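There are 2 protein chains.
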Amino acid sequence: MRYRIGVDIGGTGIKIGLVDENNQIVNRHSLPTGAERPYLSVVEDIVKGIAAVKGDISYKEIISVGVGCPGFVNPETGLLVHAGNLNWENVPLKDALESRMGLPVYVGNDANCAVVGETVAGAAKGKRNVMLITLGTGVGGGLILNGKLFTGSMGMGAELGHAILVMDGEPCTCGIRGCFEAYASVSALIRQTKEMMERCPDSAMHEFSQKNARIDGRTAFDCARMGDEAAKRVVEQYIRYVAAGIGSQINVFRPEAVLIGGGISAEGDHLIKPLNEMVGEYVFAFKQVGAPPILKASLGNDAGIIGAAYLDAVS
Amino acid sequence: MRYRIGVDIGGTGIKIGLVDENNQIVNRHSLPTGAERPYLSVVEDIVKGIAAVKGDISYKEIISVGVGCPGFVNPETGLLVHAGNLNWENVPLKDALESRMGLPVYVGNDANCAVVGETVAGAAKGKRNVMLITLGTGVGGGLILNGKLFTGSMGMGAELGHAILVMDGEPCTCGIRGCFEAYASVSALIRQTKEMMERCPDSAMHEFSQKNARIDGRTAFDCARMGDEAAKRVVEQYIRYVAAGIGSQINVFRPEAVLIGGGISAEGDHLIKPLNEMVGEYVFAFKQVGAPPILKASLGNDAGIIGAAYLDAVS
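So the protein lines, in turn, are chains A and B.
For the first sequence, our numbering gives the first residue as 1, with consecutive numbering after it.
For the second sequence, our numbering gives the first residue as 316, with consecutive numbering after it.
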């Protein structure tokens, strides 16, 4: 048996997994990101984490290390060009890791890793044209076109979260206004929740969020399920933003299936069912040819690890 | 010498060209579309037009016939699924033409044909990742990715004109609201011109359009060049819409170059120069990696004919 190692760098935590040839994660390790540190200190922690997750297995049995991270990655150079959520710029992640480990290292955008994972082992297994949208701290996009990972020319495209949804609209972390991400990320949902709470002092969201000592990405969804009208309006409008952003990309790529990942996908059918109902309003020639199904990604957090591990196979 | 035939169906006219192996159009024919007729009547006219343009050349010397048309085309089935500007739905263009001519027929979206033409013989000759945006009656998109025509899974994507630019914004001919096309087409520019004229009774656009007996896609550009402030504002805002729509797609595809075709591209540097200046505001990681150059398509109306003729070579 040979193995791959997948590293999933998030805004707050780093997850490392040892993946076998049956796409199973057979050992795991996790650590805090500490993105405020110099990146070389983070790299050292990743190297230690890989040693820990590898255990007794020799480096010879490891095919490659794949690293998924948020932001703008050039998979050809292995440079993390820009990651707004991490405050990292022009970090040579591939070189730094390869020089410390003597293993081939592949670097990919986290959403690209997720779509690879879901296509290798998850909800899109066997499909050749797949779009994945991650609704999390940021909004990412991953694309499998004709069975291959699509990353744009120079490996720097497929930034579906930074397609424009409302020109000159809400400011995005990337500096552009009106990106899909500025309407569909967790922070966007929290902003939308707070705005509605301000407008509706009678909403149950006030008591609910005081009890929880915070307003987060679940506040509106939870209160909507309890029947609160203001919360229902937040959720419906949020899902409408997501539907429009996805519909717009369906018109561009026409995938066989659209997968939803990221933290907000945990809402399951409360998100997925209305999304499928609404998306047709934004799909070109919907009456004639319909829209592809929108499905929940099935690997959850493991998609990032498995997909990163398999970056060598789809590049 | 062998030849290809390219047919370019537009909203008002059909252009047919005999294209030699040096990508030169050696004979031409054109006829009115008359899209209000049953499509078979249009097909008969195209067959007659092909016979005329072919002249003395035998059918054996013709490699294939390619047809470009506006709207939503399935290149695999040769079905013109939906063409808002022609009022055609589910027209079996490929079958109808093949059965009458005994030549292989390829059908493609007009913007796809344009990008093929420009990459075979025009401004993007030799490039492997090219995005073309046509600003005409509608707004079309064509993509060459890794040297091949990208038409989305099932050949029904790359509808860049129907990516959303302003969610729930201006109504589009396709039934969706807020499409790029609804802000960047000739009709959109005319709407923007009329709105500004209503707000600015002193604008020179009033006298100018009375003299010309119409308001068209050139009114604002012409009056802006004459120094009219209201017209300058129309042109600036219009170019801003185009820049945002292109920037959004650069984030998705990151092409090596963006070409502008269609009627409005005749404005040349008055359009292309400010477009290049503005687009960075909408490009992800612009400070780090810049934006690809935006160029005027160089084949003009011939791109549609040459590209249609070469559909066999890039499919």
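Note that CB positions come from ideal geometry on N, CA and C, so glycine has one too.
Source: prediction; values computed, not measured.
- The C-beta distance from residue 73 of chain A to residue 108 of chain A rounds to 6 angstroms, short enough to meet the 8 angstroms contact threshold.
- Counting only Cβ-Cβ distances below 9 angstroms, residue 160 of chain A has contacts in chain B at 566, 567, in chain order.
- In the displayed model, residue 149 of chain A falls within a strand according to three-state DSSP.
- The continuous alpha helix (DSSP H) containing residue 360 of chain B extends over residues 354-369.
- Residues 271, 274, 275, 278 of the same chain have their beta carbon placed closer than 8 angstroms to that of residue 239 of chain A, with the five preceding and five following residues left out of the count.
- The three-state reading of DSSP puts residue 310 of chain A in coil, since its state is none of H, G, I, E or B.
- With a threshold of 8 angstroms between beta carbons, residue 164 of chain A makes contact with chain B.
- Under a criterion of Cβ atoms nearer than 9 angstroms, the residues of chain B adjacent to residue 288 of chain A are, in order, 387, 396, 397, 404, 405.
- Residue 572 of chain B sits away from residue 549 of chain B, with the two beta carbons spaced by 8 angstroms or more.
- Contact annotation: in the region 484-495 of chain B, residues whose CB is within less than 7 angstroms of a CB in chain A are 489, 491.
- The DSSP-derived three-state label of residue 390 of chain B is coil.
- Residue 255 of chain A belongs to the set of residues whose beta carbon lies under 8 angstroms from a beta carbon in chain B.
- Contact between residue 201 of chain A and residue 250 of chain A does not hold, since the beta-carbon distance rounds to 39 angstroms and is not under 8 angstroms.
- By the neighbour-count criterion, in which 16 or more other beta carbons inside 10 Å mark a residue as buried, residue 507 of chain B falls on the buried side.
- Under the DSSP definition of a beta bridge, residue 3 of chain A partners with A/20, A/62.
- Put simply, the region 330-349 of chain B does not touch the region 300-313 of chain A. Fewer than three CB pairs are less than 8 angstroms apart.
- Taking the Cα positions, residue 137 of chain A is about 9 angstroms away from residue 188 of chain A.
- Membership of residue 294 of chain A in the beta strand (DSSP E) is indicated by the continuous run 294-296.
- Chain-ordered, the chain B residues with CB closer than 7 angstroms to the CB of residue 129 of chain A read 468.
- Taking 8 angstroms as the cut-off, the Cβ atoms of residue 115 of chain A and residue 67 of chain A do not count as close.
- Counted as a single uninterrupted DSSP element, the alpha helix (DSSP H) harbouring residue 112 of chain A occupies residues 110-121.
- In the structure shown, residue 262 of chain A adopts coil according to DSSP, grouped into three states.
- Contact between the region 573-582 of chain B and the region 440-448 of chain B is established, with three or more Cβ pairs separated by less than 8 angstroms.
- Taking C-beta separations shorter than 6 angstroms and ignoring five residues to either side along the sequence, the partners of residue 454 of chain B in its chain run 476, 495, 496, 499, 500, following chain order.
- The continuous beta strand (DSSP E) containing residue 134 of chain A extends over residues 130-135.
- At a beta-carbon threshold of 7 angstroms, the residues of chain A lying near residue 559 of chain B are 164, 167, ordered along the chain.
- Flagged as an interface residue toward chain A: residue 599 of chain B, by a C-beta distance shorter than 8 angstroms.
- The beta carbon of residue 502 of chain B does not come within 8 angstroms of any beta carbon belonging to chain A, so the residue lies off that interface.
- In the structure shown, residue 301 of chain A adopts coil according to DSSP, grouped into three states.
- Excluding sequence positions up to five before and after residue 377 of chain B, its CB lies within less than 8 angstroms of the CB of 317, 318, 319, 320, 369, 418, all in the same chain and listed in chain order.
- Put simply, the CB of residue 197 of chain A is far from chain B, with every gap to its CB atoms at 8 angstroms or more.
- Secondary structure note for residue 408 of chain B: its alpha helix (DSSP H) is the uninterrupted segment 408-416.
- Excluding residues up to 5 positions away in sequence, 224 lie with their Cβ nearer than 6 angstroms to the Cβ of residue 232 of chain A in the same chain.
- Counted as a single uninterrupted DSSP element, the alpha helix (DSSP H) harbouring residue 566 of chain B occupies residues 544-568.
- Between the region 456-469 of chain B and the region 341-357 of chain B there are fewer than three C-beta pairs closer than 8 angstroms, too few to call the two in contact.
- By alpha-carbon distance to residue 243 of chain A, the top candidate from A/146, A/97, A/165 is A/165.
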